[in-house]
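The structure appears right after this line, and notes come after that.
In the UniProt record's numbering, the protein residues as written are 1 to 288.
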């Protein structure tokens, strides 16, 4: 256990407390505060939640609200619903089609995010993008998607990327349901919607909660939208992960960036505690 504990201590625990310490200072990369940072107490946190500019673009509050909207549309509504729908539809298709679809979905999931990000950028590029070439061939006007609809671009991108995990999770959950349940429903003349509503959904409710918590945590911290929009235009896609990067590693305000990181860590901690609580209840229910 000693080597593992040493690695965890060096790369997880020590940076955790170091970030908390830096968040109470005005440390920067350049100037006097780079060598001798001053203790500023809660000034960095007070600046983050300053009501006078909380909702201004480029500020912490705007990025926090934007991140909540991003999680709502791309994770909860997009990934979870789309993954659940695809997994349910896969139960009724022939086995070769199901295997082919699962292979394609897993491929989308395991590809590096950088590769997918640049592929989507090439697809949506105004001048030479595949999307606009298709529209032009159909006689439809071209669109500057990354400039006019940047938020919805990253929502669709993250939904396409993350729905694969939800689909695989729900597909496994549906496969664990005894076939006799659905056979009895078929004899009773139940429709596909009735079987989904009255049989499948109640039996996979625990998996739904697990999926929602996990994809919420992942989407809350995702940095890949930076590859498409770099947080722009005009901070319209600057979610918290990109905001933290800009403050800490572009503006070099390490103290303020550390304060943002601490806030994000506590939000993630809340999600993790909820997940652990749900997992314990699920394990207790299975044991009974």
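The C-beta atom is built at its ideal place from N, Cα and C for all residues, glycine as well.
It should be emphasised that the depicted structure is a prediction, and the values quoted were computed from it without experimental measurement.
Rounded separation between residue i and residue j - CA only
i           : j           : result
residue 143 : residue 149 : 9 Å
residue 83  : residue 35  : 50 Å
residue 4   : residue 14  : 14 Å
residue 60  : residue 270 : 19 Å
residue 41  : residue 26  : 9 Å
residue 6   : residue 264 : 25 Å
residue 29  : residue 156 : 36 Å
residue 131 : residue 227 : 18 Å
residue 121 : residue 278 : 38 Å
residue 63  : residue 171 : 34 Å
residue 134 : residue 126 : 12 Å
residue 119 : residue 217 : 24 Å
residue 244 : residue 65  : 14 Å
residue 205 : residue 280 : 15 Å
residue 54  : residue 44  : 13 Å
Sub-8 Å separation of residue i and residue j beta-carbons
i           : j           : result
residue 158 : residue 221 : no
residue 259 : residue 23  : yes
residue 88  : residue 182 : no
residue 225 : residue 242 : yes
residue 207 : residue 173 : yes
residue 257 : residue 37  : no
residue 117 : residue 123 : no
residue 57  : residue 180 : no
Nearest-angstrom beta carbon gap, residue j and residue i [assumed within contact, 8 Å]
i           : j           : result
residue 69  : residue 215 : The pair is not a contact, with the Cβ atoms about 15 Å apart (cut-off 8 Å).
residue 212 : residue 177 : Incorrect: roughly 20 Å between the Cβ atoms, too far for contact.
residue 75  : residue 229 : Wrong, their Cβ atoms sit about 18 Å apart, outside the cutoff.
residue 19  : residue 262 : 6 Å
residue 153 : residue 160 : 11 Å between Cβ atoms; not a contact.
Checklist entry - For the 8 Å Cβ check, are there 3 or more pairs between the region 235-242 and the region 251-259? => result No, the region 235-242 is not in contact with the region 251-259.
Next on the checklist: Taking contact to mean 3 or more Cβ pairs, one atom from each stretch, closer than 8 Å, check whether the region 103-117 and the region 162-169 are in contact.
Outcome noted: Taking 8 Å as the limit for Cβ pairs, the verdict is that the region 162-169 does touch the region 103-117.
Checklist entry - Taking the runs of the alpha helix (DSSP H) that are 4 residues or longer, which of them lie wholly in the region 135-204? => result Here the runs fully enclosed are 145-148, 150-175, 179-187, 192-195.
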